[in-house]
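Novice: In the numbering used here, the protein residues as written are 10 to 148.
Below you will find the structure I want to go over with you.
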């Protein structure tokens, strides 16, 4: 009889998040019929709990990118920028989703626009490097 392979940390986190989400939705559906105002608070709490789970995965992703960067000659500031853009995206989608679920679609849409502009501005250093590279080829 062979041994059962260990489940990776990332896969365990995926299972944990799925169980939390499903149980949260079931409880929120039940609360919506009894006390609708509490179902919004419960969904926000579940969303925050999942947010913390996602933040825990960032350290693992950062370690993996660090091992990949050992094989590349790319500047490390771009990895930080990549994580910054991923963080902006996730947080804005997170806040926007909560606003929209709570009935504030206009605020949620404004948060999405803010996130897109923030990502655009965060990407300016990459654009400048690309333009400098292109200019170097034309000389």
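Using N, Cα and C, we set each Cβ at its ideal position, and we do this for glycine too.
All values reported here derive from a predicted model rather than from experimental measurement.
How long is the line joining the alpha carbons of residue 120 and residue 101, rounded to whole angstroms?
Specialist: Cα-Cα distance, rounded: 6 Å.
Novice: How about residue 59 and residue 29: do their beta carbons lie closer than 8 Å?
Specialist: Their beta carbons are under 8 Å apart, which means residue 59 touches residue 29 by this criterion.
Novice: Give me, in chain order, the residues of the same chain whose beta-carbon lies closer than 6 Å to that of residue 45; leave out the 5 immediate sequence neighbours on both sides.
Specialist: Counting only Cβ-Cβ distances below 6 Å, and skipping sequence neighbours, we find nothing.
Novice: If residue 122 and residue 94 are in contact, beta carbons under 8 Å, what's the gap, nearest whole angstrom?
Specialist: Rounded, the Cβ-Cβ distance is 16 Å, inconsistent with contact.
Novice: For my contact list, residue 66 and residue 22 are in at a C-beta cut-off of 8 Å; report their separation, rounded to the angstrom.
Specialist: Going by Cβ atoms, the distance from residue 66 to residue 22 rounds to 6 Å, so yes, they are a contact pair.
Novice: Taking C-beta to C-beta, are residue 56 and residue 103 nearer than 8 Å?
Specialist: For residue 56 and residue 103, yes; Cβs fall inside 8 Å.
Novice: Closest to residue 25 by C-alpha separation, out of 114, 86, 62 and 143, would be which residue?
Specialist: Ranking 114, 86, 62 and 143 by Cα distance to residue 25 puts 62 first.
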